[in-house]
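**Q** Sharing a structure below in structure tokens format, with a few things to ask.
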Amino acid sequence: MSSLLLIEQALNGLQFGVMLFLIAAGLTLIFGVMGLINLAHGSLYMVGAFAAAGVSALTGSFLLALVASLAAAAMAGVVIEMTVIRRLYDRDHLDQVLATFALILIFSEGTRYLFGSFPLFLDKPEWLSGTVTLPLGIEYSLYRLTLIGVGLALAAGLFWMIARTRVGIRIRAGENDREMIGALGVNISRLYTLVFALGAALAGFAGALVGAIQSVQIGMGEPVLILAFVVIVIGGIGSIKGAFIGAILVGLTDTLGRFLLPQLFALFMNPSEATSVGSSLASMSIYLLMAGVLLFRPKGLFGEA
């Protein structure tokens, strides 16, 4: 096994992890502040990817496509928060699950109506194509390396906003005692809309960034949503730090598992069987990780009661 190839796969896992964080951070913010289970969060990821692909096809500009993904996902978030989600805050979680599941179907069929059923492709810009030489002579994709840098920069900015700004103070206060901050004059409805739009924008931006690696298609948000839920359960519901650590753990576990397990089983069985068994176990690895964390930390790594 080549150590350089192992490092390359670890970088792929880090890239996957920081993209998961952008999705999971919005999801954990929404649940932490509003107490809302939002199954439609993956659809906002899909909205951002389709908006970016559509604008890129019209203008040829990747940067405009990224701006479009942020704007489209945020606007979609504001619309559904004001028209649907706002009616669910005082309802039980079953009502929230049913309503947001209905939103998944609406977004899927609406996207199919606007863009058709065939996948779209978002081309990487020329200035982010090719590879870059890292220490130890590792040749790595410039675009994936950029995704890591952008994801880490956004994570740092989100941590700073939550910890240092007035909006962040209100968000943290809303997690602990929403009635009290309402009594102090904070507009709760406006705060909820802002948090929902922020979470939606992060998800849509992640969809646009990943859309240049894989095809943009209907239903692309649901598998990512499942992983995002795994991330916030591992990290602790409502914890941004937990979402970041959980996302990195999930990204590395999934990517390295798919790389290492087939090679491990190849020592005991023929290559085709080893690939099949190893890939199956790799798909289970993140759920085994979640089970292991919950066994010792039922509230997650950084969760509170």
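Oh and the sequence shown: position 257 is 243 in the numbering used here, straight run, nothing missing. All C-beta atoms, glycine included, are put in the ideal place defined by N, C-alpha and C.
For a quick check, are the C-beta atoms of residue 293 and residue -1 less than 8 Å apart?
**A** The first residue shown for the chain is -13 and the last is 291, placing residue 293 beyond what the model contains.
**Q** Mapping the DSSP letters down to three states, classify residue 23 as helix, strand or coil.
**A** As a working mapping, residue 23 is identified with position 37 in the sequence shown. Three-state result, residue 23: coil.
**Q** I want to know whether the segment 192 to 200 touches the segment 168 to 177 - three or more CB-CB distances under 8 Å.
**A** no
**Q** Is the beta carbon of residue 190 closer than 8 Å to that of residue 33?
**A** Locating residue 33 in the sequence shown gives position 47, counting from the first residue. Locating residue 190 in the sequence shown gives position 204, counting from the first residue. Cβ atoms of residue 33 and residue 190: closer than 8 Å.
**Q** If we require 4 or more residues per run, which alpha helix (DSSP H) segments fall completely within the segment 33 to 79?
**A** 48 to 69
**Q** With distances taken between CB atoms, is the gap from residue 128 to residue 137 smaller than 8 Å?
**A** Within the sequence shown, the letter at position 142 stands for residue 128. Within the sequence shown, the letter at position 151 stands for residue 137. The answer is no: Cβ separation not under 8 Å.
**Q** According to the neighbour-count rule (16 or more other Cβ atoms, all chains shown, within 10 Å of its Cβ), is residue 248 buried or exposed?
**A** The sequence position of residue 248 within the sequence shown is 262, counting from 1. Label assigned to residue 248: buried.
**Q** In this structure, does DSSP put residue 120 in helix, strand or coil?
**A** To locate residue 120, count along the sequence shown from 1; it is residue 134. Strand at residue 120.
**Q** Would you call the segment 131 to 146 in contact with the segment -4 to 14, where contact means no fewer than 3 C-beta pairs closer than 8 Å?
**A** yes
**Q** With the cut-off set at 8 Å, would you say residue 46 and residue 101 are in Cβ contact?
**A** For the purposes of this step, residue 46 is taken as residue 60 along the sequence shown, with counting starting at 1. For the purposes of this step, residue 101 is taken as residue 115 along the sequence shown, with counting starting at 1. Going by C-beta atoms, residue 46 is not nearer than 8 Å to residue 101.
**Q** Mind pulling the alpha helix (DSSP H) runs of 4 or more residues that sit fully within the segment 205 to 261?
**A** 207 to 221, 226 to 251
**Q** Thinking just about the alpha-carbon of each residue, which of 30, 97, 285 is nearest to the one in residue 64?
**A** Here the question's residue 64 lines up with position 78 in the sequence shown. Of all alpha-carbon atoms in 30, 97, 285, the one lying nearest the alpha-carbon of residue 64 is that of 30.
**Q** For residue 111, I'd like the list of residues in its chain whose CB is within less than 6 Å of its CB, leaving aside the five on either flank, ordered along the chain.
**A** In the sequence shown, residue 111 corresponds to position 125, counting from 1. Answer for residue 111: 48, listed in chain order.
**Q** Report yes if the CB atom of residue 86 is closer than 8 Å to the CB atom of residue 23, and no otherwise.
**A** Taking the sequence shown and counting its residues from 1, the one referred to as residue 86 is at position 100. Taking the sequence shown and counting its residues from 1, the one referred to as residue 23 is at position 37. The answer is yes: Cβ separation under 8 Å.
**Q** To which residues of the same chain is residue 234 closer than 6 Å at the C-beta, ignoring the five residues directly before and after it?
**A** Taking the first residue of the sequence shown as position 1, residue 234 is located at position 248. Here the set comprises 3.
**Q** For the alpha helix (DSSP H) that contains residue 113, what are its first and last residues?
**A** Indexing the sequence shown from 1 puts residue 113 at position 127. Element bounds for residue 113: n/a, residue is neither H nor E.
**Q** What number of angstroms, rounded off, separates the C-alpha of residue 89 from the C-alpha of residue 183?
**A** By one-based count along the sequence shown, residue 89 stands at place 103. By one-based count along the sequence shown, residue 183 stands at place 197. When rounded, the distance between both Cα atoms is 16 Å.
**Q** Alpha carbon to alpha carbon, how far is residue 238 from residue 271? Give it in angstroms, no decimals.
**A** The residue you call residue 271 lines up with position 285 of the sequence shown. The residue you call residue 238 lines up with position 252 of the sequence shown. Those two C-alpha atoms are separated by around 10 Å.
**Q** At the level of alpha carbons, what is the spacing between residue 153 and residue 44?
**A** Residue numbering aside, residue 153 sits at position 167 when the sequence shown is read from its first letter. Residue numbering aside, residue 44 sits at position 58 when the sequence shown is read from its first letter. Their Cα atoms are separated by approximately 36 Å.
**Q** Need the endpoints of the alpha helix (DSSP H) that residue 174 sits in, please.
**A** In the sequence shown, counting from the first residue as 1, residue 174 sits at position 188. That run of the alpha helix (DSSP H) goes 174 to 197.
**Q** Do the segment 198 to 215 and the segment 59 to 75 touch if we need at least three Cβ pairs shorter than 8 Å?
**A** no
**Q** So does residue 273 have its beta carbon nearer than 7 Å to some heavy atom of the ligand SAM?
**A** Absence of the ligand SAM from the depicted structure is noted, as is the absence of any ligand whatsoever, leaving it without description.
**Q** With respect to the alpha helix (DSSP H) encompassing residue 283, which residues constitute its N-terminal and C-terminal limits?
**A** Indexing the sequence shown from 1 puts residue 283 at position 297. No alpha helix (DSSP H) contains residue 283, which DSSP labels as neither H nor E.
**Q** Which residue marks the beginning of the alpha helix (DSSP H) containing residue 135, and which one marks its end?
**A** For the purposes of this step, residue 135 is taken as the residue at position 149 of the sequence shown. Where residue 135 is concerned, the enclosing alpha helix (DSSP H) stretches over 128 to 150.
**Q** Which whole-angstrom value is the C-beta distance of residue 175 and residue 107, which I expect to be below 8 Å?
**A** Here residue 175 corresponds to residue number 189 of the sequence shown, with the count starting at 1. Here residue 107 corresponds to residue number 121 of the sequence shown, with the count starting at 1. Actually they are not in contact, since the Cβ atoms of residue 175 and residue 107 sit about 39 Å apart, beyond 8 Å.
**Q** Return the CA-CA distance between residue 105 and residue 245, expressed in angstroms with no decimal places.
**A** Against the sequence shown, residue 105 aligns to sequence position 119. Against the sequence shown, residue 245 aligns to sequence position 259. The alpha-carbon atoms of residue 105 and residue 245 are separated by roughly 27 Å.
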